[in-house]
Every structure is written in C-alpha cells, then in structure tokens.
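When the letters of the sequence shown are read in order and numbered with our numbering, they come out as residues 4 to 182. Glycine included, each C-beta is placed from N, C-alpha and C at the ideal position. First the structure, in the form of structure tokens, and then the observations on it.
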Amino acid sequence: STGVMAYSKIKALGKKGEPPPLRPAPAMVGQRNRATPPSYATLGLLAVLCAIHVAVELAPIGDTFWLKIYRFGGAHRGAIADGETWRFITAIFLHAGWVHLIGNLVVIYHFGRGLEPLFGGGWLIALFVYTGLAGSILSMVFSGASMSIGASGGALGLCGVFTAVFLFIALRSTGLSIE
C-alpha cells in the first residue's frame, strides 16, 4: 500500500541477509492520503501550546512580561537552584511572543504529522516532552540567560527523530546494513 509505513513494516524491511522487498514507491514520510489517520496528538499539542500562550498574554499578573513568564513557570536559574526543577517542564510550554510560538508550531506540525502515524500519539507527545526537557536543561547549562522558555528543544527533537527514521528507511530500502 502507499502512504506512511507503519513501524512494523519499517522494522521488517531488509532483514539481515534478505534483499528489501519489492513494493510500490512509498509516499513521502508525512504525506497525507486516505490511509493515513488524522494527527490528533500533533493538533492537540499545537492547541495546548496556543491556549497556554493566550492565557499568559491575557493574565493580569505581573508588571512585566518576564515576571509573568516567571509566575507561569519559566525555567529561571535561581528558582531551579532553589529546587524548583519542575520549571524545566513548564518552560517548554511558554513562549516569548507570537513569532517565537508560530515558529515552533510550524516545526512541530511538520514533523509531528510525519512521526505520529509511525509511533502513535502517545509516543509523539513523550518524544516532544523528553526532548523538550533535554533542551531546557541544556539551555540552562550552556546559556548565560537567567530565564529559559520555549518548545524549541521539543521541536528540534522531533526533527532529529524524523531525520533518524528517514535515514533508517533510506538505508534499509537500498539494502545497506546499519548495524
């Protein structure tokens, strides 16, 4: 069949000692067709990010934008040093403006739609949160900024997983071993 290959089909491609099976050229990863289920987890994640940003924008707390971000859970170096490590997670869902948010939404939408049919919605959200957490931690470790926010770590994490899956499929379809 055409469309995005399921994980079991990817795993079965080109087992050791066997040539890859002949099949019609698959659609591009992420390309939609009748066989591809809707990307509910991807769209839900985008909706949550937008709703949180609107809530932050409309909240009447704080004198400045950064005080508001701090109160909503931005990853602040001093607060994390005082034990508020939960801020690494909450910071993933906060953004420093509409341009920042929209940039992340575009990346998450593009790569999320390609990965969700392969891994499922639960794994997509888990990949986003885990890579976003890693991004928050690395941002705090290597950046001189006192506050870190944004879904860029999660968005780029999805990009990295997508690239790894694409390379895996490409190598397997040519018969090359990646072991």
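In the structure shown, His79 falls within a strand segment according to DSSP collapsed to helix, strand and coil. For Ser151, the three-state secondary structure derived from DSSP is strand. Straight-line measurement puts the Cα of Leu179 at about 32 Å from the Cα of Gly135. In this structure, the CA atom of Ala99 is about 12 Å from the CA atom of Thr67. Taking C-beta separations shorter than 7 Å and ignoring five residues to either side along the sequence, the partners of Leu127 in its chain run Ala44, Thr45, Gly115, Leu118, Glu119, following chain order. DSSP places Ile64 in the coil class of the three-state scheme, outside both helix and strand. Look at the beta carbons and you see the stretch 67 to 81 touching the stretch 150 to 166: at least three pairs across the two are nearer than 8 Å. DSSP places Gly117 inside the alpha helix (DSSP H), whose first and last residues are 101 to 122.
In the structure shown, Gly160 falls within a helical segment according to DSSP collapsed to helix, strand and coil. Per DSSP, Phe91 is one residue of the alpha helix (DSSP H) stretching across 90 to 93.
Counting only the Cα atoms, Ile105 lies some 28 Å from Ala82. Within the same chain, and ignoring the five residues on either side of Tyr112 in sequence, the residues whose Cβ sits closer than 7 Å to its Cβ are Thr45, Leu49.
The C-beta distance from Phe91 to Ile55 rounds to 16 Å, too long to fall under 8 Å, and the pair is not in contact. Residue environment for Phe96: buried (at least 16 other C-beta atoms within 10 angstroms of its C-beta). Inclusion of Val102 and Ala158 in the CB contact set at 8 Å is not warranted, their separation being larger than that value. The beta carbon of Val51 sits closer than 8 Å to those of Phe96, all from its chain and outside the five residues before and after it, given in chain order.
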